[in-house]
Structure formats: structure tokens, C-alpha cells
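Below is one structure, written out as C-alpha cells; the observations come after it.
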Amino acid sequence: MILSKALSRDLLISVGFVAALALVPIVFPERYFVGQIITFLIWSMVASQWNLLMGHAGVFSLAQMAFFAIGAYTTAMASRHLDLSIWMSLPLAVLVAMVSALIVGAACLRLHGAYVALLTFAIAEVIHVLIITDTYCYTREGGGCLQFFGGATGFSRISDFGFRPFLKGDWILGNYYVVLLAFAFVTLVTMFVMHGRLGLAFRAIRDNLGYASSRGISRFYTQMTVFAISAALTGLAGWAYAGHFRFAGPSLFDFSTLILVLSMVIVGGLGSIWGPYIGAATILIGLEWLKEFGDAKNIGLGLILVLVVLFAPNGLAALFARLFKHIRPGKNNTPKSRT
Amino acid sequence: MKSSMTRRGFFGRTAAAGVGGAALLASMNSQASAADGEPIIVGCPSPLTGIVAADGIEFRRGLELAAEEINTIGGILGRPIQLEFVDTESKGDDVVSQAAQRLVDRNNASALITGYNLETGTVLPEISADAGVICMHAQTQVTHEEVIKSDPDRYWGSFMIDPPETFYADGLLEFIKELETKGKFDRPNDKLAIITGPGNYSVNIADTLNEKAKEYGFEVSLFETVKVPISEWGPTLSKLRADPPAVIAMTHYFPQDQAQFMLQFMDDPTDSLVYMQYGASLAAFRDVAGDASEGVLYATVIGALQDEIGIAFREAYAAKFGADASPNSGGQTYQALYMYAIAASLAGGVGAAYEEEQNRKVAERLRGLIFRGPMGTYRCVQETQSAYAYPAQTNDPSLGMPHIFSQIQSKAEDGKLVAPWPYIVADFQLPNWMKS
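Going down the list, the protein sequences come from chains U and L.
Per this note's numbering, the very first residue in the first sequence carries number 1; after that it's consecutive.
Per this note's numbering, the very first residue in the second sequence carries number 1001; after that it's consecutive.
Structure below.
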């Protein structure tokens, strides 16, 4: 297999990035810090898939957090109702998220633009409402009631990655490397998809549907493919989330969570390659810093968004690429959107 | 039992115990010689923004008042208490867990004290166990008890300072029965309407009410689950008006939602007692509902009493935070911090995060502590590390947290405590909408 120059470059950066991340808990072992990096890895995975779907394939879907939640819920329900280990539930989480995406996609991808956003959001909201208004006790635990889908409280204390007996107080290191492995897998698959024929087809449909169709590219099947791939990888992120936090609950469907991840994609740069990672890091660092300011946190987050949209409308990734070109004027052959 | 003890005598003893707690702390502080003066960090992961921020802000205030008072008498063995807060945004397990971990790792908290969070009730015990710190909360969930029982050695440091929600349903039905026995309420029919939110706390209470209603001669005419937050109560009220029940029990507990219900209910009230879970105890409920709040009954297993100790606390709280502040929520963390300070002093000081040995000694003292504060008496049920409930688990009011029933009789002030003995300060009054 011959790798293109751009793919080779991005793969090299990916490997270097993952290797650097692998050293983080060794250099900074504080549990809270490691936990924050795990959060970054999880949201980066989701943001990168949203970017693949929206930025590269031009599908304005708002169901991405629902697929993330489906991955997490499948893991939690498999643990609670079927007593499956977290490892056994991994393929299940990916598969259920992907099948759900195919069903949602079959209904939504016949529409265009804002209508796709509206319908996908409506579907995600319906799932959310059905879960939180279910009060029928599927089973009783102690004196409490547990609904089949966890109700408004969700599932807690589900099986984790199983490192506590071996690593004792350092269990979070085990979690970290599992999530990092998932992150590396998602990143590599995304790189291959973006740089491959499929990625080309995604962008062709996004940029000129008429021309792409005339070259034999089916919009529906291509977009169904990207919908399924991004949902499967987002489901994997949901699995990692459930395994680390030992929790899956309706807060995953919250509009504020959706906006948080969407802002990561926008701040980083929609349609870029490294944008979601830069966006996730920027937003999470911003949130961490803004915690010191109490109630002003959300205002600060809004301000970051406004500033980025005003001064870097193509996202921070594009801004950094421009700066990089200024610093190295001889190396200015990098395509603008491929940062 | 009740006839042999006078109300005055009871309060004489308990007030002395309350003052004794602070005096004990002051005395131990004056004898502390090895104190280095370095502050003891107490972390509070609390919902300071979002849907239950009204409570979260009071949890912060309660801690601030207690820390100020305790520091005035020397802190914990000469070391002042320093508070750190992280907002949990009224969100679930993931956010609460990160907030608590931040307090432990970044702020080096020796203890985590809060009221409640919108989590499953399992997060804080896990963080506390992993970090070897004390955790005290008023989550009011049976889940806490299940967690502790599942591995007492791991969860040695987690304490729920009130009883679980499982006592609410029986308590309400008993309360109504008592009103009927005393001739204060004559039910117009045998129908009971239950309105619940989707959270486990609300659902557990609603389910138990549903199960037990028949034993008390009630037929459940409506069991409605609403999506929260909710401000449009029209559909639910239509059902209630079509088939008016004798009692409406709302186990959903957000004060703003309950207030909206009352505002809309009063447009065309039915001949029904209205009981609301917890939320009506907050000033926010009266602020929003105004005149429509008068006549509402509410209950809590951790509310500020209206006796000598409770009133002293209410006055101090209002003086510091204003008349609109809610001592019913703030009192939870206020009482918890006092308990922690006394237990830590008795144990010879606190351990830092991940220094389990000393913190285990503090936990041991908390397990043995009987503390009478403004919310009632905390005594630890050993196997569940939660508080005894009075009158459900003990018939001695000096040995359990009272499940108090209050009725709002004036929108300008907190509900009057109408049960149980010996905390009663007013008689139950039939609501105006029922009289007419």
C-alpha cells in the first residue's frame, strides 16, 4: 500500500502525539490531571467524528451525542442487565451505535441541510425524553428502583476496566492507557478515511453534489457510510466513557453537553484534520481556568467562542497553519483546509 | 413516653447538648499545643449553577457560616478551616466525580462536605474511598446505604447525615392518619393523586406511596410522571380537576416547579390537601408562589427546627445572608461541618488526602458521635453510615433526625412545624381553598 504524502505526514504526527500522551501520566501522575486528560481524549474522539461527519461530509447532524450516549448506555446495560464485562460489551457498544446510526440515517439522510439537523435533534430528544420519563421499575436494588434504561438517574457502578485489584490506588493509569488506545485507534481510522477514496467522496459531495453525482457517487450511500463509521467510532468513545466513569445517564443527552462538544469542533475548525483535537484542548483548558471564576464560567466560554469566530473564523487549526506558514515562508505548500 | 417528658425539659437537655458540642470544640482548641495553624481544607462539590442551584448556594452559605463560627473558637485543634468550592452544575456522576477529585487533588481537601448533587449517590463514596478522605452529604438516598453495605471496609469514610428517602412515604401516610384521628382533616373521598418527577429519589417515594396507599384506605386515582423542569401544569391539573382527590402528593422536589404548580392549581383548586416533597421548604418556593404557597404541606428529614437551637441558627443565618436565604438547605452543611470539626478534634486532628490512617480515626469518631444541631439529632446507623430517623427508627427524639412536617401558613415566613412531637410549633390548619 502506498501512502500519500499528506497521510504519511498526518500518521507521523498522530504517532508522535499518541506517544507524547503516553508519557503524560508518568510525568504528571496527579489523579485529577490524568482524569482531565482522559476527558480530553474522550471528547476529542467525539469531536473528531462529528468533524468527519459535518466538516468533511457536510452532513449537519445533531445526533452525534445520541450515538455517544448509545455506546455508553449499551455498555452500562450490558453490565447491569446481562452481567457482561466491559470488554465483552465493547463490540456490542460499537455495533449498537452503528446500527442505530443506519436506522436514523435511513430516515434523515433523504433530507438536506438544516432539515437533517432538525430531524436528528428531534430523534435524539425523543430518546432522551423516553428514557427520563420511564419510571417503571425493571428491577429493585436494595430499596431503590432501577428502570430498564436507567430512568432519570442512569446507571452507576457498572463494571469498569478491572484495574483496581491489580493497580490499587493507581487504577486510573490502567483506565488512561485503555482510553488512549481507543483514542489512537479512532485517530488512525479517521486519518485513513479522510485521506482515502472515501474521504474524497465525502468532500466531493459536500463541495459539489451535482458534479459528484455525475461521477457516479451516490449521495445517500456515501453519507450513510460516513454516518455509520462516525457513529461506530463515537460509540467506541461512549464505551470508553462508561468504562472510565462507571456511569451512563441522561446528562449525556443534555443540550449543554451537545453545545460543549460542538463548540470544540467549531473552535478547532470545522473540516480540518487536527481542529477537533485543538478545539477540545482549548475548550477544556478554558473551562478548567474559568472554574476559578465561578458563575462567570459560561460567560467566559461564550467569549472564547465569539473571539474565535471573530478572529479565526476557520478555527484555531487554520490560524495556527497560517502562523506556521509565516514562520516558514519556504514551506507554504500545505493546503489551507488540511491542517 | 410522650406524657412523661415535658417539652421544656426536652429542650433544656438538647440545647445543653448543642451548646456542649461547641463548648467541647472550644475547650479542645484551647488545650491544643501542637497546632501549626495550617488551614484544614474542606471541599464542597455543590450545584452552584443549574436547576438546583437554589439549594447549592445555600449549601455554600451553610458551610461559610459554620466555618466562620468554628474558626472564631479556634478551628480544629487550633487549625482554621478553609473552604473550597467546585460547581457541579446540577449535573450527573461524571461532573460530580471530576469536581470532587479536583477538590482532593488540587485543593488537598481532607474532607468533602455537601448537601446533595444530582448524581446517583455512588460518586462521593467512591472518591472518598480512593482518596482516603471523609465525605459527608445529605443525598437522602437509600443508594448510599447499599453502597456502604456492599463493602464497609472500603467505604469507611462516607457518611450520609440524614436518613434515606424510603421513610417519606410511610411518614406521610401516618401523618395524614394522625390528622384524621385528631379530627383535623376529614377526607372528602379516598382518592390519592401522586405526581412524581423522573429522578430515583422522587420515584422511590412515589412507588412506596403507591404500594402502601391501600393499607391506609386510599385508592391511587392518578400516578403521573412529569418531565422536569416543568412550568406548564395544565395537562396534569386537568386530570386532577376531572377526578378530584382527597390528597395530592407531589414527590418531584424542584421548588420552582412546585411553585408553578401551586400558582396554576389556585386558579381552580380542588378539595384536596396538597403535600410537596422538600422543595416547598425553600424560600424560593414562597417567593415564586406567593399567596398560592399558603396552606401547602411539606416534609423533610433534614430541615431546620423551630426550637431554641434551630431559631438561634435561623437568626444567625438570616443576619449573615439576608431574610431570603433558606436555612433549611444551609443547615445541612452547617450541621455537617460542626460534626466533622468535633469528630476531627476528638480524633486528634485530620489527615490530608491519601493519608488514610488519621482520617479513619475521624470516621470512627463520626460513627460514635451523637450531635444535636439545628436540624435535629444525628446518630449513626453503624451498618449504613446514615442517620437514624425519628420517629420511624427510634421513638426517642433525642436519638434520631426528625422527619418533620411543616405547613406554610404565611407566605412571609417559613412553614410552621406541625409534626412530630416535640418539635411542633403550630397546629395544622385546613387550607383556605378547602374551607371554601
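We put the beta carbon where it would ideally sit given N, CA and C, even for glycine.
As the structure is a computational prediction, the values presented were derived from the model and not from experiment.
| Query | Result |
| --- | --- |
| Inter-residue spacing [alpha-carbon to alpha-carbon] between U:A296 and U:I304 | 13 Å |
| Start and end residues, alpha helix (DSSP H) containing L:Y1216 | Careful: L:Y1216 lies outside any alpha helix (DSSP H) and carries neither H nor E. |
| Contacts of U:R157 in chain L (Cβ-Cβ under 7 Å) | T1122 |
| Proximal residues, the segment 74 to 88 of chain U versus chain L, C-beta separation under 8 Å | none |
| Test: U:A152 CB closer than 7 Å to a CB of chain L | yes |
| Min CB distance U:G140 to chain L below 7 Å | The amino acid at residue 140 of chain U is misidentified as Gly; the sequence shows Arg. Judged by the 7 Å Cβ criterion, U:R140 is not in contact with chain L. |
| Residue-chain proximity (U:R31, chain L), Cβ-Cβ < 7 Å | yes |
| Chain U contact for L:R1106 (CB, 7 Å cutoff) | yes |
| Integer-rounded CB distance, given that U:I42 should sit under 8 Å from U:A240 | 6 Å |
| Counterpart residues of L:E1084 in DSSP-defined beta bridges | L:G1043 |
| Chain-ordered chain L contacts of U:S44 [CB-CB under 7 Å] | The contacting residues do not exist; U:S44 stays about 16 Å from chain L at best. |
| L:T1196: contacting residues in chain U (beta-carbon distance under 7 Å) | T135 |
| Which residues DSSP lists as bridging L:Q1407, in chain order | L:L1297, L:K1416 |
| Three-state secondary structure (DSSP) of L:P1274 | Correcting the residue identity first, residue 1274 of chain L is Val in this sequence and not Pro. Note: L:V1274 maps to strand in three-state DSSP. |
| Test item: CB-CB of L:S1329 and L:D1055 under 7 Å | yes |
| Status (buried if at least 16 other CB within 10 Å, exposed otherwise) for L:V1350 | buried |
| Given U:L209 as reference, the closest of U:Q223, U:R197, U:G196 once Cα atoms are compared | U:Q223 |
| Collapsed DSSP secondary structure at L:K1182 in the structure displayed | coil |
| One or two residues paired with L:I1194 in a DSSP bridge | L:F1223, L:A1249 |
| Interface residues of the segment 251 to 262 of chain U facing chain L [CB-CB below 7 Å] | S251 |
| Where U:F202 meets chain L, residues with beta-carbon distance less than 7 Å | Chain L residues near U:F202: none, gap ~32 Å exceeds 7 Å. |
| Residues near U:H326 by beta carbon distance below 7 Å, same chain, minus five either side | none |
| Residue burial classification, L:A1318 (beta-carbon count within 10 angstroms, cutoff 16) | exposed |
| L:A1487 vs L:R1365 beta-carbon contact at 7 Å | The displayed coordinates of chain L run from 1001 to 1436. Any statement about residue 1487 of chain L would go beyond what the structure contains. |
| With 16 other Cβ atoms within 10 Å as the buried cut-off, status of U:V116 | buried |
| L:P1047 versus L:T1122, L:E1068, L:E1089, L:G1037, residue with shortest Cα-Cα distance | L:E1089 |
| Chain-ordered chain U contacts of L:T1225 [CB-CB under 7 Å] | T133, T135 |
| Buried versus exposed, by CB contacts within 10 Å (16 or more), L:T1014 | Legend: pLDDT at L:T1014 = 38, less than 50; position of this residue unreliable, value from coordinates given subsequently. When all chains shown are included, L:T1014 counts as buried. |
| Coil, strand or helix - L:D1427 by DSSP | coil |
| U:C108 at chain L interface by Cβ criterion, 7 Å | no |
| Cutoff 7 Å: L:G1092 Cβ touching any chain U Cβ | yes |
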